[in-house]
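Each remark here refers to the structure printed beneath this line.
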Amino acid sequence: MARSVAEYTLSRACDYLSAMGVELTREVTLRALSLVEAGLASEQEDPLEFVMTRIHDHFALQNPDLPTTAPPITRSSMSFKS
């Protein structure tokens, strides 16, 4: 069964919020739904693009702490004695 644009957009927004650590309460889902509604009312952009570019403005999302890519470089001495 094909999903509508609204269902698809709300699903993507909720998946994104959940992945960012936001608990999907009734209030959070309603705020996401109102953002999707605004995206559908805006005829200049794709609703999904509209929602995903504005989702950080409507929710307090924190950037996740990423692990370092390599250990810190420290100076050491390799003594080659014979």
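First residue of the sequence shown? That's 20 in the working numbering, and the numbers climb one at a time after it.
Cβ atoms here follow ideal geometry from the backbone N, Cα and C, with glycine treated the same way.
When only Cα atoms are considered, F78 and D34 end up about 14 Å apart. Per the coordinates, the alpha-carbon of E42 lies some 33 Å from the alpha-carbon of P90. When rounded, the separation of the alpha-carbon atoms in P66 and A21 is 17 Å. When DSSP states are grouped into helix, strand and coil, D76 belongs to the helix group. Secondary structure of T93 (DSSP, three-state): coil.
If you check the CB distance, L36 and V47 come in under 9 Å.
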